[in-house]
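Under the working numbering, residues 2 to 763 are what the sequence shown spells out, in order.
Note sheet for the following structure.
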Amino acid sequence: YGVDEVAAFEAAVAAAAACDSEDTDALTVEQLTKWKEDMESTYQAVMDSYKAQVTPDDGYYYIKLGGYDFTSVDAAMWAYTDSTNTCYAAWGDCQANAYFLWKLTNKGGTDYDVRNLTNNSTFNDINFYNKITMSEESDVLVDFDYLETNSDGEYLVKIRQSTADADGDTFFWASSTSSGSGTSGWVFGWYSIYDNGAEWKLVPVSDEDAQAIIDSFDYDQFNRYISTIQINYDATAMMEIAYDGGSATSQAVAMGDIYSELESQLTLALAEGENITEETYNALVAAYDAFLAVYVDPTEMRSLLSTATDLANGVVIGTNPGWWTSTSPADEIKVTVENATAYDAAGVYTVEETANYIETLESQIEALNDAAIKVQPNKWYEIRHSTEEEATEHGWSNYGSGTDEYPAMNGKYISVCEITSDADGVYSMESLTSGDAEEPFLNHNLYFQAKEDMQYEDFAKFRFINVGDSAYMIQNKATGLFLKSTGTEYEDVVLSPHPSLFVITPQGYGESIFAAETVEGVSHLYLYGWYNQARLITWTSHYAGGDGAFYIEDIDETIPDDYEAKFNMSAVIGKVYTFCYPVPVTAVDGDMYGAEVEGTTVTLSKLDGNTAQAGEPFIYMDGIPEDYDETQDEEMVAFTLGTEVASEPLTSGSLVGNYYDSNVGPGNALAQDNGFWVITNGLQYLEANTAYLTGLESTDDLTIVISDEAFDSVDQAIATVSKENGNIYSIDGKFIGKGNLHSVRSLARGIYIVNGVKVVVK
């Protein structure tokens with residue numbers, strides 16, 4: 002805290018102590034009021050003077066661990082380069098060398114560039130429970146959050162990436178420091194509050210001492226050592242491929258002395274370690290260059306051989322997507338595979354011939370995939386898991402057979418249904434009976450259900466909508482909703498107005514794989530049938546006969562021109578909702594609005610056709626704000642969906658769209674109940690597929706205007722005033738009665754205190 006501010010506050014408190022003197026009867030209201038105001042204002046000045054971050058002067062520093070009283074080491078951060086030439090932040094016994102020396106440069110405000118003096122590297126992005134890596138190209142800045150001052154008068158700080166949440170989990174943490182134990186370890190991204198391994202102190206190093214350390218450091222030798230580490234890492238991997246188990250036809254045998262010379266020079270270089278001489282280093286580089294001149298990596302060719310062989314053997318004739326009408330493309334691949342396999346077995350490669358085989362295999366695989374039957378845009382399809390008979394026929398492991406507790410997936414179809422369990426914990430599928438059920442299916446999971454158990458087959462019917470670049474949206478017929486992947490490994494696939502995109506590739510034997518990604522193109526891996534509960538998730542697995550390959554069946558049902566993809570959701574009358582989806586949305590019930598903010602007035606204008614375009618954020622209400630009653634039940638409202646896709650959310654007027662969970666800062670407002678909550682400080686959570694108001698100039702109450710009719714919105718304290726009944730007072734302190742936000746609206750115009758919060762009734 003500021004020294005002058007603290008002194009002024011203490012003086013104000015000392016002066017106000019006169020109110021307890023023997024002369025209290027002589028005090029006036031004016032004196033008491035002044036003392037009170039002086040204490041309040043000086044106290045606020047003290048609070049305002051608090052510095053949440055330490056801002057050291059530019060210069061050289063050791064970054065030492067400050068939380069523990071280490072007895073065996075002087076613990077400090079340093080830059081460590083491993084055998085893969087990856088640089089990490091580590092900690093150990095502080096040494097007066099360039100590995101432990103850091104240069105701090107202020108980049109504005111509380112943000113600092115922190116670079117190590119050995120290789121001019123700084124930290125890459127800090128991620129929770131990951132080792133912190135470093136690179137010269139990184140532009141990551143850090144903040145030093147003030148923690149406390151120790152007995153030596155040193156600041157103890159927590160270090161975090163400057164763009165990270167100050168209450169988050171991406172702080173610098175020294176592993177292996179629990180209870181003060183350990184003498185060295187890695188530096189991880191970790192919680193902001195954990196143990197003293199997250200407490201650091203900055204120890205200045207004078208320019209003279211720093212220059213002496215820099216001058217004594219042999220940068221040429223250091224670079225030779227780092228380069229040797231990289232050569233060893235790269236060469237070892239290539240030499241193992243060339244050796245190929247030591248067979249007489251291996252590439253290593255064909256290389257002769259070139260291979261053995263590189264082995265010998267690597268042994269000598271590694272023996273010298275950090276002290277490698279220029280002579281040894283030059284001999285290593287010469288041997289490595291000679292090796293590279295004749296080495297050919299057959300890995301890509303071998304991978305393509307495996308893919309081509311499996312795909313060609315899986316070509317089957319049929320009429321469904323993922324099947325073929327002719328075996329000719331497969332026959333061509335088999336000839337190439339036979340020739341390339343013989344070439345590979347000989348162990349004598351040329352760059353040109355290897356590249357030719359790679360190019361030929363790639364083009365033939367692409368042609369074979371293109372020859373497979375594709376999904377059509379005007380048809381409904383069903384998607385199923387392989388049967389026991391198909392698994393037996395092709396020699397596959399029967400992954401879909403289920404267990405004693407969990408339902409099998411063999412031959413079952415992806416469907417919208419419910420999973421239930423009995424008293425013994427045995428799971429089974431419960432069928433849904435109607436696509437018109439007064440029940441929203443938003444975020445509903447998808448399961449595998451037997452055809453004979455379906456009471457409403459439209460729950461298992463899907464259409465494929467191409468959006469370009471071989472990507473498809475997959476839409477369910479009964480609900481009108483799209484399949485959405487919620488993440489990568491072991492994450493649910495749900496029904497949503499927010500689609501994922503899927504690249505569908507034939508896998509052989511009539512099966513196809515579905516590679517999921519977001520509308521922005523971020524990979525979410527593959528659709529996968531999880532044997533536990535027979536649920537559809539995403540996973541890394543994708544091979545013929547596995548739980549990541551499916552049959553797409555044409556059910557000979559075309560989509561009529563007047564098909565309308567309609568979905569239901571629940572809403573409260575008069576409540577304000579914000580939405581933003583990558584596809585067009587039309588409200589069948591209620592009204593959709595755009596918004597413009599001017600001062601404290603939010604003007605809502607109805608959208609043309611009650612429709613938001615792809616990516617366009619909108620405000621939705623069923624009714625008007627003054628109809629809102631927090632005690633009323635939700636009712637069902639309907640929407641329809643279009644099929645255009647916007648890869649990024651839009652900003653429309655004063656509404657900013659959002660596709661995924663995020664945080665929003667001050668100067669913006671979030672929808673809450675029948676108004677908006679203005680954010681005054683910190684970051685506030687914003688749900689996925691919503692929007693927020695921007696352009697606010699005030700944190701006062703907002704007024705909503707719809708068609709020139711004004712409605713009072715609620716201020717940033719809505720969560721407090723809306724809670725259960727509490728005391729209501731007039732502005733002059735008179736008790737009115739018990740109530741909350743809803744009941745205070747019935748009072749006369751004026752200012753009231755509701756649950757300790759000021760509320761203006763206009």
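Think of the CB as a built atom: it goes at the ideal place given N, C-alpha and C, for glycine as much as any other residue.
Nearest Cα to GLU599 within the set ASP144, CYS88, LEU697: LEU697.
Bounds of any alpha helix (DSSP H) do not take in ILE374, whose DSSP letter is neither H nor E. SER524 counts as exposed, since fewer than 16 other beta carbons sit within 10 angstroms of its beta carbon. Taking all protein chains in view, the Cβ of GLN633 is surrounded by fewer than 16 other Cβ atoms within 10 Å, so the residue is classified as exposed. Linking LYS132 to GLY186 through their CA atoms gives a straight-line distance of about 10 Å.
C-alpha of SER136 to C-alpha of THR106: approximately 17 Å in a straight line. A contact between stretches requires three or more CB pairs, one per stretch, nearer than 8 Å, and the segment 542 to 557 fails this requirement with the segment 569 to 577.
Note that the C-beta distance between ALA99 and ILE214 is below 9 Å. For TYR192, the secondary structure class from DSSP, reduced to helix, strand or coil, is coil.
For GLU649, the closest alpha carbon among the candidates PRO583, VAL638, GLN673 is that of PRO583.
Per the coordinates, the alpha-carbon of ALA77 lies some 6 Å from the alpha-carbon of GLY93. When the beta-carbon positions are compared, MET302 and ILE359 come within less than 9 Å of each other.
Every beta strand (DSSP E) stretch that sits fully inside the segment 567 to 628 and reaches 3 residues is listed by chain position as 567 to 572, 578 to 580, 586 to 588, 592 to 599, 602 to 607, 619 to 622. Residue pairing from DSSP places GLU492 in a beta bridge opposite THR539. In the three-state reduction of the DSSP assignment, GLY666 falls in the coil class, being assigned neither a helical nor a strand state.
Put simply, of ASP146, MET40, MET48, GLN32 the residue whose alpha carbon is nearest the alpha carbon of VAL4 is MET48. The closest CA to that of ALA670, considering only LYS52, ASP628, GLU597, PHE463, is found on GLU597. In the DSSP assignment, GLU138 falls outside any alpha helix (DSSP H), carrying neither H nor E. Excluding the 5 residues flanking it on each side, ALA368 has same chain C-beta neighbours closer than 7 Å at PRO330, in chain order. Cβ atoms of SER432 and MET455 come within 8 Å of each other, at about 6 Å. The beta carbon of LEU33 lies closer than 8 Å to those of CYS20 in the same chain, with the five residues before and after it left out. For SER228, the enclosing alpha helix (DSSP H) has its first and last residue at 220 to 244. With contacts defined by Cβ atoms closer than 9 Å, GLY643 and VAL586 form a contacting pair. Excluding residues up to 5 positions away in sequence, ALA255 lie with their Cβ nearer than 6 Å to the Cβ of VAL349 in the same chain.
In the displayed model, PRO500 falls within coil according to three-state DSSP, outside both helix and strand. For LEU484, the enclosing beta strand (DSSP E) has its first and last residue at 483 to 486.
Note that the segment 600 to 612 does not touch the segment 441 to 456; fewer than 3 beta-carbon pairs, one per stretch, sit closer than 8 Å. About 5 Å separates the CB atoms of LEU526 and THR489; that is less than 8 Å, so the two are in contact. Taking a contact as a CB-CB distance under 8 Å, the pair HIS499 and LYS485 counts as one, their CB atoms being some 6 Å apart. In this structure, the beta-carbon distance from THR342 to PRO299 does not fall below 9 Å. The DSSP-derived three-state label of LYS202 is strand. When C-beta atoms of the segment 246 to 263 are compared with those of the segment 273 to 281, fewer than three pairs fall below 8 Å, so the two segments do not count as touching.
Here ALA90 is bridged, per DSSP, to ALA80. For MET302, the enclosing alpha helix (DSSP H) stretches over residues 300 to 314.
In the structure shown, GLU31 falls within a helical segment according to DSSP collapsed to helix, strand and coil. Taking 9 Å as the cut-off, the Cβ atoms of ILE127 and ALA80 do not count as close.
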